[in-house]
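For the sequence shown, the positions run 3 to 453 when the numbering used here is used. We treat Cβ as the ideally placed atom computed from N, Cα and C, and that holds for glycine. Keep in mind it's a predicted model, so treat the numbers as computed, not measured. Below is one structure, written out as structure tokens; the observations come after it.
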Amino acid sequence: MVSGKAKKELARIFGKRLKEDLSHRIAYSFDATRISYPPELVAFPLKTKEISLAVKTAAEYKFPIIARGSGTGFSGGAVPVEGGLVLSFSKMRSLEIRKQEMIGIVEPGVITEELQHEAEKYGLFYPPDPASLKNSTIGGNLAENAGGPRCLKYGVTKNYVLGLEVVLPDGEVISIGRGLQKNVAGYDLISLFVGSEGTLGIITKAYLRLVPKPPIARSIRADFKNVRDASTAATAVLYSGILPSALEFMDKESLKAAGEYLGKDISADASLLIQIDGDEKSVNSQLKRIAKVLKEYRPIDILVSTSDEEEEMVWKLRRSISSAISKLKPIKVNEDIVVPRGKIPDAVDFIYQLAGKQSIDVIVFGHMGDGNIHVNFMIEKEQSESASGAVEELFKWVIEQGGSISGEHGIGITKAKYLESQLGERQTQLMREIKRLLDPHNIMNPGKIFS
Ligand SMILES: Cc1cc2nc3c(=O)[nH]c(=O)nc-3n(C[C@H](O)[C@H](O)[C@H](O)COP(=O)(O)OP(=O)(O)OC[C@H]3O[C@@H](n4cnc5c(N)ncnc54)[C@H](O)[C@@H]3O)c2cc1C
Numbered sequence: 003m004v005s006g007k008a009k010k011e012l013a014r015i016f017g018k019r020l021k022e023d024l025s026h027r028i029a030y031s032f033d034a035t036r037i038s039y040p041p042e043l044v045a046f047p048l049k050t051k052e053i054s055l056a057v058k059t060a061a062e063y064k065f066p067i068i069a070r071g072s073g074t075g076f077s078g079g080a081v082p083v084e085g086g087l088v089l090s091f092s093k094m095r096s097l098e099i100r101k102q103e104m105i106g107i108v109e110p111g112v113i114t115e116e117l118q119h120e121a122e123k124y125g126l127f128y129p130p131d132p133a134s135l136k137n138s139t140i141g142g143n144l145a146e147n148a149g150g151p152r153c154l155k156y157g158v159t160k161n162y163v164l165g166l167e168v169v170l171p172d173g174e175v176i177s178i179g180r181g182l183q184k185n186v187a188g189y190d191l192i193s194l195f196v197g198s199e200g201t202l203g204i205i206t207k208a209y210l211r212l213v214p215k216p217p218i219a220r221s222i223r224a225d226f227k228n229v230r231d232a233s234t235a236a237t238a239v240l241y242s243g244i245l246p247s248a249l250e251f252m253d254k255e256s257l258k259a260a261g262e263y264l265g266k267d268i269s270a271d272a273s274l275l276i277q278i279d280g281d282e283k284s285v286n287s288q289l290k291r292i293a294k295v296l297k298e299y300r301p302i303d304i305l306v307s308t309s310d311e312e313e314e315m316v317w318k319l320r321r322s323i324s325s326a327i328s329k330l331k332p333i334k335v336n337e338d339i340v341v342p343r344g345k346i347p348d349a350v351d352f353i354y355q356l357a358g359k360q361s362i363d364v365i366v367f368g369h370m371g372d373g374n375i376h377v378n379f380m381i382e383k384e385q386s387e388s389a390s391g392a393v394e395e396l397f398k399w400v401i402e403q404g405g406s407i408s409g410e411h412g413i414g415i416t417k418a419k420y421l422e423s424q425l426g427e428r429q430t431q432l433m434r435e436i437k438r439l440l441d442p443h444n445i446m447n448p449g450k451i452f453s
């Protein structure tokens, strides 16, 4: 609860950029999970100093403080479950590219795609590409350690972080890393803050590594008559000695829904979308080798993009799936499990059998190349219990296979009760101790990660 005295201090810091009206409280109450808890206040900082003062106020008066990007999170990370103050970074969007150093220096409110476009103007490339890149912020990407299709070849967000400015839960501002390409002085605090879901501190600036932009990218879409052929073909491509920049899987319903969303008629039981980037000659020769591997698994069609426009179109289809399928049923229970690559075909079989057993619809797509599969149980309200049962059984199976309950969406509130079953007691306790050490009053995004 934010006391009257605390509100006065916050008003002194933010002036008219502090909002208490119902429309702001509702607008900042939910994320893509649609779970909703209104905050008491929303503020729009312009600089780190204001954030530091607001956090000092929260530490003194003991109220929750929740960092928020664009609210596209899929695990409830930005949902203010215990009320308090939401900080929106929509006015902190400065972005500088240093070409010689090959780094981008960004404030947290920069939209992922803005950074990518700006880097491209200098012949540089920021590879992490969550499907939400037109809306998600760099702050949210850092806090969730976001992934995306290209992470197969290029790695996830944390692989591009060279430095961070963080406001700690006592309001002190620290600079970690300073943008150096190499730095092993002390423990790796960058890795601690990246992926910490706004529970350990607020990221106010990041130094991000950029790489040379590959001259072209082209993709193969291969349609199969069943899911098993597609998933087995995917593993064969991975073992073929070629590393695609992306290897995605789409099942029948995801293809159909994304096709309709884009006004196209697409029908196949399963598809793989495989992207190669680099110089033209090498891209063409690798695509030919991949097509040869795929042909051993009886594809019904193989399409290759031959221009930037066709390439954009085929990836638009892939990136539209999540939004397209949301319209199919009242509730989408969306999980992003990871299994070891060799277990991908078994995982896909297991998911369909599980949904059949619980009599619920399931839509499967995702980053098959790195074993990260998006499992969407599509349900009516009255099927919630069956879906919870399916999720529990899915996570149990995934953990038994040596996998993970989340590859990119984070734990937030939706997976908090399962975390210990994956990590075990000691690791979970260690994480709780780290949280207590940094945030003894539990003001920084409380109610997340740990049940
Ligand atoms: C259609 C769709 C497709 C998606 N596809 C992908 C995908 O391919 N890959 C993927 O990884 N994710 C994906 N996501 C999930 C989501 O977009 C990512 O998790 C993204 O990183 C969230 O960014 P955001 O700005 O919306 O953050 P929010 O949802 O606002 O916040 C997410 C978390 O970050 C914290 N946070 C935000 N800013 C800061 C900050 N400055 N300092 C500290 N903590 C902060 C919040 O407190 C919260 O815990 C998708 C979501 C949608 C809706």
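Using a threshold of 6 Å, is the CB atom of T416 nearer than that to any non-hydrogen atom of ligand 1? no
How many Å lie between I413 and K283 at the Cα? 42 Å
Taking 6 Å as the cut-off, is the CB of F452 close to at least one heavy atom of ligand 1? no
For E382 and L439, what's the separation of their Cα atoms in angstroms? 43 Å
CB contact below 7 Å: S198 versus chain D: Considering every chain present, this structure includes no chain D. It has just one protein chain.
Between I415 and G78, is the Cβ-Cβ spacing less than 7 Å? yes
Ignoring anything shorter than 3 residues, give me the beta strand (DSSP E) runs that lie fully in the stretch 156-202, in order along the chain. 163-169 and 175-178
Return the CA-CA distance between R70 and E262, expressed in angstroms with no decimal places. 32 Å
Name the DSSP bridge partner or partners of S221? Q277
Which same chain residues, not among the five before or five after L245, have their C-beta less than 6 Å away from its C-beta? K155
To which residues does DSSP link L20 through a beta bridge? A45
Taking Cβ positions, are L126 and V112 nearer each other than 7 Å? no
Note the first and the last residue of the continuous alpha helix (DSSP H) segment covering H369. Taken as a continuous stretch (DSSP letters only), H369 belongs to no alpha helix (DSSP H), being part of the beta strand (DSSP E) at D363 to H369.
Would you please state the rounded distance, in angstroms, between the beta carbons of L87 and A56? I believe it to be under 8 Å. 7 Å
Confirm the yes/no value for this check: CB of N444, any heavy atom of ligand 1, distance under 6 Å. no
Quick check on the burial criterion: 16 or more other C-beta atoms within 10 angstroms. Buried or exposed for M3? exposed
Touching or not, the stretch 350-362 and the stretch 386-405, by the rule of three or more beta carbon pairs under 8 Å? yes
Taking 6 Å as the line, does the beta carbon of A272 fall inside it for any heavy atom of ligand 1? no
According to DSSP, is N336 helix, strand or coil? strand
Let me check you understand the geometry: is the CB of R95 closer than 6 Å to at least one non-hydrogen atom of ligand 1? no
Rounded to whole angstroms, what is the Cα-Cα separation between V108 and L202? 20 Å
My output table needs one value for I53: the three-state DSSP class, helix, strand or coil. helix
Spatial neighbours of I105 in its chain, beta-carbon cut-off 7 Å, leaving aside the 5 residues before and after: L164, G181, Y209, L210, R211 and L212
S138 and T74: beta carbons closer than 7 Å? yes
Alpha carbons only, please: which of N286, V400, I353 and I292 is nearest the one belonging to S309? N286
Excluding sequence positions up to five away, which residues of its chain have a Cβ less than 7 Å from the Cβ of E313? A219, R220, S221 and S307
State yes or no: is the C-beta of F65 nearer than 6 Å to some heavy atom of ligand 1? no
Among the residues of its own chain, which have a CB less than 8 Å from the CB of K93, if the five just before and after it don't count? R19, F46, P47, L48 and G111
Proximity test, A248 beta-carbon vs ligand 1 heavy atom, cut-off 6 Å: no
Quick check: what's the CA-CA separation for S25 versus L170? 29 Å
Would you call the stretch 364-383 in contact with the stretch 400-409, where contact means no fewer than 3 C-beta pairs closer than 8 Å? yes
Would the beta-carbon of T308 be found less than 6 Å away from any heavy atom of ligand 1? no
In three-state terms, what does DSSP make of F352? helix
Please classify I67: does DSSP put it in a helix, a strand, or coil? strand
With DSSP collapsed to three states, give me the class of I315. The sequence given here has Met at residue 315, not Ile. DSSP places M315 in helix when its eight states are reduced to three.
DSSP three-state assignment for I268, whether helix, strand or coil: coil
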